[in-house]
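K.L.:
Encoded as structure tokens, here's the structure I'll be asking about.
Number of protein chains: 2
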Amino acid sequence: RTLNEVLFFPSDMACVEHIFTPTTTHSCFCPLPHGVETSFSRLLRHILSASSSLDLCIFSFSNMDLCRAVLLLHSKGVTVRVVSDKNYSAITGSQIGVLRKAGICVRCDVVSVCMHHKFAVVDSRLLITGSLNWTLTAVQSNAENVLLTEEPDLVQPFIKEFHRLWVLNDPT
Amino acid sequence: RTLNEVLFFPSDMACVEHIFTPTTTHSCFCPLPHGVETSFSRLLRHILSASSSLDLCIFSFSNMDLCRAVLLLHSKGVTVRVVSDKNYSAITGSQIGVLRKAGICVRCDVVSVCMHHKFAVVDSRLLITGSLNWTLTAVQSNAENVLLTEEPDLVQPFIKEFHRLWVLNDPT
Ligand SMILES: [Zn+2]
Ligand SMILES: [Zn+2]
Chain A
42 RTLNEVLFFP SDMACVEHIF TPTTTHSCFC PLPHGVETSF SRLLRHILSA SSSLDLCIFS
102 FSNMDLCRAV LLLHSKGVTV RVVSDKNYSA ITGSQIGVLR KAGICVRCDV VSVCMHHKFA
162 VVDSRLLITG SLNWTLTAVQ SNAENVLLTE EPDLVQPFIK EFHRLWVLND PT
Chain B
42 RTLNEVLFFP SDMACVEHIF TPTTTHSCFC PLPHGVETSF SRLLRHILSA SSSLDLCIFS
102 FSNMDLCRAV LLLHSKGVTV RVVSDKNYSA ITGSQIGVLR KAGICVRCDV VSVCMHHKFA
162 VVDSRLLITG SLNWTLTAVQ SNAENVLLTE EPDLVQPFIK EFHRLWVLND PT
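Going line by line, the protein sequences match chains A and B.
Our numbering puts the first residue of the first sequence at 42, with every later residue one more than the last.
Our numbering puts the first residue of the second sequence at 42, with every later residue one more than the last.
What follows is the structure in structure tokens.
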């Protein structure tokens with residue numbers, strides 16, 4: 042069955058440590074609620090489901106948990122490619138520099154006035170798209186949506202658009 | 042067959058006069074290209090396909106052509122409801138005041154830090170969602186996406202979210 046799911050934000054606050062370290066036997070002692078599934082934990086799970094590739098096209102990326110998820114995928118050998126906005130990526134708190142330092146290929150859109158997309162494609166199969174920037178404010182405070190679908194008629198155009206932007210912004 | 046379509050922006054520039062006045066026998070003499078289908082003309086057509094209702098949840102709304110489309114639907118008796126961001130709707134160029142003056146019900150989100158959604162539901166059937174704000178810059182200059190779908194698993198959650206925000210922001 043084709044996955045179709047919608048997540049709304051702001052997300053309830055809950056600990057997401059177990060999503061990163063599912064096999065640990067330690068309990069987490071942070072002050073957040075534990076064992077609660079939220080919009081944000083579901084988003085993280087879908088991103089972390091990548092086994093071969095993650096193509097990410099994102100205007101602003103400052104959320105530490107989402108950064109940790111992308112770094113984890115990269116460390117596991119998943120091919121991560123990121124297209125981001127040239128202006129936003131220079132802003133304090135942006136994690137784009139952290140991704141670059143970890144060896145992830147990031148290209149900044151120098152053609153558009155603003156690279157305003159917020160989508161990811163997991164394993165060329167699952168599209169994650171919506172209004173949500175990858176920031177803490179967006180996740181915790183704003184009215185936002187994220188749509189997840191495996192419908193090929195919706196996924197394929199985004200794969201094509203990612204490829205177009207990737208090639209267009211080749212710095213070489 | 043269920044409609045699934047994706048539009049990317051910036052859109053090519055072309056005259057959209059014929060979309061508003063399809064029965065006119067006059068030629069348009071504006072300097073823009075004519076007879077060209079673009080991402081923006083397709084978006085307008087889908088919005089104007091509404092025959093009973095348009096529920097719109099939009100952060101920023103300053104685009105004159107999109108405003109014209111919403112006013113046209115309202116004048117034809119389509120039930121238009123708008124939820125917008127309280128701060129953005131006060132900004133110069135916002136068409137929210139124009140909608141209100143025309144008698145369209147607009148509610149501003151006073152709960153969220155930022156009402157960042159950009160979606161519309163046409164006739165409780167077609168979902169229009171993505172990164173695109175309803176501004177001229179977004180349409181003509183930014184890298185943006187709009188996803189259109191009639192898939193019930195995707196449309197229904199947005200109908201529910203619109204209803205939630207509509208009730209939540211009831212000023213009475
Ligand atoms: Zn914890
Ligand atoms: Zn014209």
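Using N, Cα and C, we set each Cβ at its ideal position, and we do this for glycine too.
Everything numeric in this text was worked out from a predicted model, so none of it was measured.
1. Using a Cβ-Cβ cutoff of less than 8 Å, which residues in the same chain neighbour Val196(A) once the five nearest sequence positions on both sides are dropped?
2. Determine, for Leu113(A), whether the minimum Cβ-Cβ distance to residues of chain B falls below 8 Å.
3. Could you check which residue in Ile60(A), Gly171(A), Trp175(A) has the C-alpha nearest to that of Ser90(A)?
4. Closest Cβ-Cβ distance between Val154(A) and chain B: below 8 Å?
5. Under a CB-based cut-off of 8 Å, is Leu206(B) close to chain A?
6. Taking 7 Å as the cut-off, is the C-beta of Cys56(B) nearer than that to any heavy atom in ligand 2?
7. What's the call for Phe50(B), buried or exposed, on a 16-neighbour Cβ count within 10 Å?
8. Does DSSP put Val143(B) in a helix, in a strand, or in coil?
9. Please say whether Asn210(A) and Val123(A) have beta carbons closer to each other than 8 Å?
10. State buried or exposed for Lys117(A), treating a residue as buried only when at least 16 other CB atoms are found within 10 Å of its CB.
11. If you draw a straight line from the alpha carbon of Val205(B) to that of Ser93(B), how long is it in whole angstroms?
12. Quick check: Asn186(B) and Glu192(A), are their CB atoms within less than 8 Å of each other?
13. Which of the three DSSP states, helix, strand or coil, is assigned to Ser182(B)?
14. For Asp53(A), name the three-state secondary structure that DSSP assigns.
15. Cβ of Leu195(A) less than 8 Å from any chain B Cβ?
16. Leu73(A): beta carbon under 7 Å from a heavy atom of ligand 1?
17. What are the residues in the segment 126-152 of chain A lying within 9 Å of chain B by C-beta distance?
18. At which residue ranges does the segment 99-161 of chain A contain complete beta strand (DSSP E) runs of 3 or more residues, listed in the order of the chain?
19. Quick test of your reading: Ile88(A) and Asn174(A), contact by CB under 8 Å. State the CB separation rounded to the nearest angstrom.
20. Cβ atoms of Val180(A) and Ser52(A): under 8 Å apart, would you say?
21. Have a look at the DSSP bridge pairing and note the partners of Ile169(B).
22. By the DSSP assignment, the alpha helix (DSSP H) with Leu73(B) in it spans what residues?
23. Any idea which residues DSSP pairs Asn45(A) with across the strands?
24. Mind listing the chain B neighbours of Pro74(A)? Cutoff is C-beta to C-beta under 7 Å, in chain order.
25. Note down, in chain order, all residues in the segment 172-185 of chain A with a beta-carbon under 9 Å from any beta-carbon belonging to chain B.
26. For chain A, find out if any of its Cβ atoms is closer than 8 Å to the Cβ of Val47(B); answer yes or no.
27. For Lys159(B), go through chain A and note every residue whose CB falls closer than 8 Å to its CB, in chain order.
28. Considering only C-alpha positions, which residue in the set Met54(A), Leu177(A), Ser103(A) is nearest to Ser130(A)?
29. Would you verify that the beta carbon of Phe70(A) is, or is not, closer than 8 Å to some beta carbon of chain B?
30. First and last residue of the alpha helix (DSSP H) that includes Glu58(A)?
31. Can you name the start and end residues of the alpha helix (DSSP H) that Ser80(B) belongs to?
32. Scan the segment 48-59 of chain A for residues whose Cβ lies nearer than 9 Å to a Cβ of chain B and list them as they occur along the chain.
P.N.:
Looking at the atomic coordinates:
1. Along the first sequence, one-based indexing puts residue 196(A) at 155. Around Val196(A): Val162, Ser165, Arg166, Leu167, Leu168, Thr190.
2. For this step, residue 113(A) is matched to residue 72 along the first sequence. Residue contact check for Leu113(A) against chain B: no CB pair falls below 8 Å.
3. One-based indexing of the first sequence puts residue 90(A) at position 49. Checked all of Ile60(A), Gly171(A), Trp175(A); the closest Cα to Ser90(A) is Ile60(A).
4. Taking the first residue of the first sequence as position 1, residue 154(A) is located at position 113. Yes, Val154(A) counts as interfacial toward chain B.
5. The residue given as residue 206(B) occupies position 165 in the second sequence. It does; some Cβ of chain A falls within 8 Å.
6. Within the second sequence, the letter at position 15 stands for residue 56(B). Relative to ligand 2, the beta carbon of Cys56(B) is positioned inside 7 Å of a heavy atom.
7. Residue numbering aside, residue 50(B) sits at position 9 when the second sequence is read from its first letter. Buried is the call here.
8. As a working note, residue 143(B) is residue 102 in the second sequence. Position check: residue 143(B) holds Ala in this sequence, whereas Val was assumed. Coil at Ala143(B), not helix or strand.
9. Numbered from its first residue, the first sequence carries residue 123(A) at position 82. Numbered from its first residue, the first sequence carries residue 210(A) at position 169. No. Outside cutoff.
10. Taking the first sequence and counting its residues from 1, one reaches residue 117(A) at position 76. Lys117(A) should be labelled exposed.
11. Translated into the one-based positions of the second sequence, residue 205(B) becomes position 164. Translated into the one-based positions of the second sequence, residue 93(B) becomes position 52. Per the sequence presented here, residue 205(B) reads as Arg, with Val not at that position. Between Arg205(B) and Ser93(B), the C-alpha separation is close to 20 Å.
12. To locate residue 186(B), count along the second sequence from 1; it is residue 145. To locate residue 192(A), count along the first sequence from 1; it is residue 151. The criterion of a C-beta distance shorter than 8 Å is not satisfied by Asn186(B) and Glu192(A).
13. To locate residue 182(B), count along the second sequence from 1; it is residue 141. DSSP places Ser182(B) outside both helix and strand once states are collapsed to three, so it counts as coil.
14. Working through the first sequence from its first residue, we reach residue 53(A) at position 12. The answer is coil: DSSP assigns Asp53(A) none of H, G, I, E or B.
15. Translated into the one-based positions of the first sequence, residue 195(A) becomes position 154. Closer than 8 Å to some Cβ of chain B, the Cβ of Leu195(A) qualifies, so yes.
16. Position 32 of the first sequence, counted from the first residue, corresponds to residue 73(A). In terms of side-chain proximity, the C-beta atom of Leu73(A) is found nearer than 7 Å to a non-hydrogen atom of ligand 1.
17. Within the segment 126-152 of chain A, the qualifying residues are Asp126, Asp150, Val152.
18. Correct list: 120-126, 146-150.
19. As a working note, residue 88(A) is residue 47 in the first sequence. As a working note, residue 174(A) is residue 133 in the first sequence. So it is not a contact: roughly 14 Å between Cβ atoms.
20. Taking the first residue of the first sequence as position 1, residue 52(A) is located at position 11. Taking the first residue of the first sequence as position 1, residue 180(A) is located at position 139. Going by C-beta atoms, Ser52(A) is nearer than 8 Å to Val180(A).
21. Stepping through the second sequence from its first residue, residue 169(B) is reached at position 128. Beta-bridge pairing links Ile169(B) to Ala161(B), Leu189(B).
22. Position 32 of the second sequence, counting from 1, holds the residue named residue 73(B). For Leu73(B), no alpha helix (DSSP H) encloses it, and the DSSP letter there is neither H nor E.
23. By 1-based counting over the first sequence, the position of residue 45(A) is 4. Its beta-bridge partners are Thr190(A).
24. Sequence index remark: in the first sequence, residue 74(A) carries index 33 (1-based). Simply none; closest approach about 21 Å.
25. Going along the segment 172-185 of chain A in chain order, one finds Ser172, Leu173, Asn174, Thr178, Ala179, Gln181, Ser182, Asn183, Ala184, Glu185 with a Cβ nearer than 9 Å to chain B.
26. As a working mapping, residue 47(B) is identified with position 6 in the second sequence. Chain A, which has a Cβ nearer than 8 Å to the Cβ of Val47(B), makes this yes.
27. The count along the second sequence starts at 1 and reaches residue 159(B) at position 118. Chain A residues near Lys159(B): Ser172.
28. Within the first sequence, the letter at position 89 stands for residue 130(A). Measuring from the Cα of Ser130(A), the nearest candidate turns out to be Ser103(A).
29. Indexing the first sequence from 1 puts residue 70(A) at position 29. No, its Cβ sits nowhere closer than 8 Å to a Cβ of chain B.
30. Reading the first sequence from its first residue, position 17 is the one you call residue 58(A). Per DSSP, the unbroken alpha helix (DSSP H) holding Glu58(A) starts and ends at 58-61.
31. The residue labelled residue 80(B) in the question sits at position 39 within the second sequence. Residue range 80-89 is occupied by the alpha helix (DSSP H) that includes Ser80(B).
32. Flagged, chain order: Leu48, Phe49, Phe50, Pro51.
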